[in-house]
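Novice:
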Ligand SMILES: CC(C)(COP(=O)(O)OP(=O)(O)OC[C@H]1O[C@@H](n2cnc3c(N)ncnc32)[C@H](O)[C@@H]1OP(=O)(O)O)[C@@H](O)C(=O)NCCC(=O)NCCS
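Residue numbers (this note's numbering): 334 to 626.
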């Protein structure tokens, strides 16, 4: 087996996709993507583009394990202003439990040496939890809100204005990120702007925040106050198309403000996975995104 750097090619992006689909299908029985289902097709395009984006921004953080010329494992990591992030860590089910994950994670964490902080959204996999804890991460169990938004409970939005955001807001986004998690998302914001359905902004004298929504999923939210965060989350959930299920994931107990919004709007809460952090406490009010943190 060899471990080599990810290349910015269609073939490598497809290989990452193959390993990832097989690993997660095995973990939680996720159905295989159906290219005719609109959400799946968009998700696939975004996943391939995200791999190629990271091959450009963080080539030294992205590693593939190959056996006989076939990819069997992948670790994709990135560095942004002193925070190290692991958006993807997968090994083919047939190759798991033999140390491939350990070798990949060693390469990826070596890229994060010199970063005081680390973040990742972890699946419920016991093997992953074992690897992350061994790498010094604190595991914060997370909750997930899901279901249909009870539109009858979407009352008066209050006096904080929310408006669509775009490329003109990149400095604002980075400033909120630095305040919340000590590091901007930098090149990941233009990527998310291009790939998520909408960006919502609240910017008032009382505080500032932003939220990405894509279909029914709240993808990432950061705000300088709970009041602004609540307003943004309510607005994002109000904008979920009526026929779609809403989902908000990776909420630690620090995000009770979000739990209360979801419960008030009729969503159900379950627990699943972890927010894994090193050198920092859970940012709040903040809803992370597993792919960009
Ligand atoms: C997480 C994953 C990448 C690890 O890859 P791997 O090649 O299996 O990892 P390794 O063999 O190096 O290490 C796994 C460790 O977990 C242990 N382990 C495996 N299954 C376990 C289980 N069910 N319960 C507890 N420990 C378990 C192994 O013994 C090993 O520990 P050790 O090295 O101290 O003996 C892989 O299991 C995977 O792809 N899982 C599904 C996708 C996923 O959840 N990815 C993580 C996303 S955050």
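Don't be surprised by glycine CBs; every beta carbon is placed ideally from N, CA and C.
Computed from a prediction, not measured in an experiment: that's the story for all the values here.
(1) Thinking just about the alpha-carbon of each residue, which of 353, 392, 394 is nearest to the one in residue 376?
(2) Taking 8 Å as the cut-off, does the segment 477-486 touch the segment 597-615 (at least 3 CB pairs, one atom from each stretch)?
(3) Kindly indicate the opening and closing residues of the alpha helix (DSSP H) around residue 444.
(4) Can you give the Cα-Cα distance for residue 397 and residue 435, rounded to whole angstroms?
(5) Under 6 Å, CB to any heavy atom of ligand 1. Which residues pass, going along the chain?
(6) So which of 598, 607, 509, 389 has the shortest CA-CA distance to residue 484?
(7) How about the segment 345-360 and the segment 487-501: do they share at least three Cβ pairs that are nearer than 8 Å?
(8) Would you mind working out which of 440, 488, 582, 585 sits nearest residue 567, comparing C-alpha positions?
(9) Can you tell me where the alpha helix (DSSP H) holding residue 357 begins and where it ends?
(10) Let's see if you can read the secondary structure: which residues bound the alpha helix (DSSP H) around residue 524?
(11) Can residue 611 and residue 451 be called in contact, C-beta distance under 8 Å?
(12) Three or more beta-carbon pairs under 8 Å between the segment 522-530 and the segment 456-475, yes or no?
(13) So what does DSSP say about residue 457, is it helix, strand or coil?
(14) Quick check on the DSSP output: what are the complete alpha helix (DSSP H) runs of length 4 or more inside the segment 535-588, in order along the chain?
(15) Consult DSSP for residue 496 and reduce its assignment to one of helix, strand or coil.
(16) Just list the beta strand (DSSP E) runs in the segment 388-437, keeping only unbroken ones of 3 residues or longer that don't cross its boundaries, in chain order.
(17) Touch check for the segment 438-453 and the segment 405-424: three-plus C-beta pairs under 8 Å?
(18) Out of 491, 562, 427, 386, point me to the one whose CA is closest to residue 594's CA.
(19) Quick one: what does DSSP say residue 598 is sitting in, helix, strand or coil?
(20) Contact check, residue 334 vs residue 399 under 8 Å by CB: the rounded distance?
(21) With the cut-off set at 8 Å, would you say residue 359 and residue 426 are in Cβ contact?
(22) On a Cα-Cα basis, can you pick out the residue from 379, 357, 444 that is closest to residue 343?
(23) Could you give the distance in angstroms between the alpha-carbon of residue 468 and the alpha-carbon of residue 625?
(24) Just how far apart, CA to CA, sit residue 525 and residue 447?
(25) In terms of residue numbering, what span does the beta strand (DSSP E) encompassing residue 626 cover?
Specialist: So, to answer that:
(1) 353
(2) yes
(3) 433-444
(4) 12 Å
(5) 356, 357, 360, 422, 423, 424, 429, 430, 431, 432, 433, 434, 435, 455, 456, 458, 459, 460, 461, 463, 464
(6) 598
(7) no
(8) 488
(9) 343-361
(10) 521-528
(11) yes
(12) no
(13) coil
(14) 559-571
(15) strand
(16) 395-400, 403-413, 416-424
(17) yes
(18) 562
(19) coil
(20) 7 Å
(21) yes
(22) 379
(23) 20 Å
(24) 26 Å
(25) Taken as a continuous stretch (DSSP letters only), residue 626 belongs to no beta strand (DSSP E), as it is neither H nor E.
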